[in-house]
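Each residue of the sequence shown is one higher than the one before, starting from 232 at the first, in my numbering.
Ideal Cβ positions, reconstructed from N, Cα and C, are used throughout, including at glycine.
Heads up: the structure comes next, in structure tokens.
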Amino acid sequence: MALCGAVMGGRGAPLLGLLLLGKPAFSTTRVACGKNRRLRQKRAISERKLTRYFVDHRRVRVVGGQGGDGGHSFYSEPRKIFGGPDGGNGGDGGHVVLKADQQIKSLSSVLPFYQGVHGGRGGSKNCYGANGVPVGTSVKEDGVVVADLTQHGEEYVAAYGGAGGKGNRFFLSNENRAPMLFTPGEPGQERVLHLELKTTAHAGLVGFPNAGKSSLLRALSNAKPAVAAYPFTTLNPHVGIVHYEDYEQVAVADIPGLIRGAHQNRGLGVAFLRHIERCRFLLYVVDLSVPRPWIQLQDLKYELEQYKKGLSERPCVVIGNKIDLAQSRINLPLLKEQIDDRVIKELLLHLRELYDIYVKTEQSQGQRPVKW
Numbered sequence: 232m233a234l235c236g237a238v239m240g241g242r243g244a245p246l247l248g249l250l251l252l253g254k255p256a257f258s259t260t261r262v263a264c265g266k267n268r269r270l271r272q273k274r275a276i277s278e279r280k281l282t283r284y285f286v287d288h289r290r291v292r293v294v295g296g297q298g299g300d301g302g303h304s305f306y307s308e309p310r311k312i313f314g315g316p317d318g319g320n321g322g323d324g325g326h327v328v329l330k331a332d333q334q335i336k337s338l339s340s341v342l343p344f345y346q347g348v349h350g351g352r353g354g355s356k357n358c359y360g361a362n363g364v365p366v367g368t369s370v371k372e373d374g375v376v377v378a379d380l381t382q383h384g385e386e387y388v389a390a391y392g393g394a395g396g397k398g399n400r401f402f403l404s405n406e407n408r409a410p411m412l413f414t415p416g417e418p419g420q421e422r423v424l425h426l427e428l429k430t431t432a433h434a435g436l437v438g439f440p441n442a443g444k445s446s447l448l449r450a451l452s453n454a455k456p457a458v459a460a461y462p463f464t465t466l467n468p469h470v471g472i473v474h475y476e477d478y479e480q481v482a483v484a485d486i487p488g489l490i491r492g493a494h495q496n497r498g499l500g501v502a503f504l505r506h507i508e509r510c511r512f513l514l515y516v517v518d519l520s521v522p523r524p525w526i527q528l529q530d531l532k533y534e535l536e537q538y539k540k541g542l543s544e545r546p547c548v549v550i551g552n553k554i555d556l557a558q559s560r561i562n563l564p565l566l567k568e569q570i571d572d573r574v575i576k577e578l579l580l581h582l583r584e585l586y587d588i589y590v591k592t593e594q595s596q597g598q599r600p601v602k603w
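Here's what the structure looks like:
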């Protein structure tokens, strides 16, 4: 049974509401509530939780697939009982392949063990590809670099599959018309590899803890690294993209803060310094509010040079940060006396100049510049 009731609207017009079996067909209250309700936004992952997800080192054991055994059989059909040998060769085992993927930013999805698909009797198997690894992954075996995946789509065969065995048909000859010999498949290659992720970016922000590197990256790009008033807020590298009017993009990496003795692995220094290796030019961030800020610059260059010779000689820009503090305004002229006088407010122009120099250098050497 349907019931219909009329309610007067604001201008005297009747507002009809249809009720079916005592239940409303629609509710204006729910409609209004649905319009005002906002979509739930995902909460940003905190730096502490991000530390669990971000993995830049992984030990992986890889084993190629076992080759299939050769077949041992003889052909037979009605009226032809004693046919020749028809045992086929076994299939080759599958390879384990590492492939660089631009969309992957961490080694957390890489498992500690991979094995290729085993070959079958008389047929080959396809290669078995491992999970993708981030661009910038360095593959080491016994401390020696065996592969460096720096471009999207690059592949490295981590473990070769074993060759398939030979069937008895392979040994057929004029002297031996009924060979009984066949060979088993070979085992796949087994290796233990160490994967290290080195952040790939055009520029790297280098400085001591709480120097303001993350705040600067927020101002230059759309990256949202954690910012707080205590040191070691940033525990993992963050990459921000700076967009220019001619559609060029420059990647800037926020490297976790270094301390004195970082090249001796103090404060996880080696783990942080590893991400600076691939940066084509460096942006030194100096805290102007501390006494004698130019000492910070000297210490940073010393740590880089001790970690890898020539790293401190790369093209660079020195950025004086926290200029809003009173002590910083006093130290700024003193810092300019110690280094070349650069206009810090034109940082983006200097950043683009360094990027253009890098592109020309790579092209002159016949190499392809890294694009984002």
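Coarse secondary structure for residue i, derived from DSSP in three states
i: A394; result: coil
i: A442; result: coil
i: G253; result: Any reading at G253 must be qualified, since the residue scores a pLDDT of 44, below 50, and its modelled position is unreliable; the value itself is stated next. Residue state, collapsed to three classes: coil.
i: F512; result: strand
i: F305; result: strand
i: G360; result: With a pLDDT of only 47 at G360, under 50, the local geometry of the prediction cannot be trusted, and the value read off the model is given with reservation. Residue state, collapsed to three classes: strand.
i: Y478; result: coil
i: R523; result: coil
Residue i, buried or exposed, once every other Cβ within 10 Å from all chains shown has been counted against 16
i: S369; result: buried
i: H506; result: buried
i: Y475; result: exposed
i: G314; result: exposed
i: R523; result: exposed
i: V516; result: buried
i: G324; result: buried
i: F344; result: exposed
i: H433; result: buried
i: I526; result: exposed
i: Y589; result: buried
Distance between beta carbons of residue j and residue i, contact taken as under 8 Å
i: G435; j: L513; result: 5 Å
i: L329; j: D287; result: Going by Cβ atoms, the distance from L329 to D287 rounds to 15 Å, so no, they are not a contact pair.
i: T592; j: R509; result: Not quite, the Cβ-Cβ distance comes to about 15 Å (not below 8 Å), so this is no contact.
i: D485; j: G396; result: So it is not a contact: roughly 54 Å between Cβ atoms.
Closest Cα partner of residue i within the set the options
i: V483; options: Y533, P564, K553, K444; result: K444
i: A394; options: D332, S337, G321; result: G321
i: N405; options: G347, V501, P316; result: P316
i: V364; options: K311, P546, A389, E421; result: A389
i: R292; options: V327, K311, V286, G299; result: V327
i: P487; options: V481, F344, H469; result: H469
i: G347; options: G298, K311, D373, L380; result: G298
i: R290; options: E427, D379, P564, K336; result: E427
Own chain, CB closer than 6 Å to residue i, minus 5 neighbours either side, in chain order
i: H303; result: G318, N399, F413
i: Q420; result: G295, A390, Y391
i: L585; result: F512, P546
i: K371; result: H425
i: E386; result: V328, K330
i: D332; result: G363
Neighbourhood of residue i by C-beta, 7 Å cutoff - its chain only, sequence neighbours within 5 removed
i: S452; result: G471, I472, V473, V483
i: L403; result: G315, P316, P410
i: T381; result: V366, G367, T431
Chain C within 8 Å of residue i, Cβ atoms only
i: V470; result: The chain inventory of the structure shown lacks chain C, comprising one protein chain alone.
Other residues of its chain near residue i: CB distance less than 8 Å, five sequence neighbours each side excluded
i: V376; result: S369, V370
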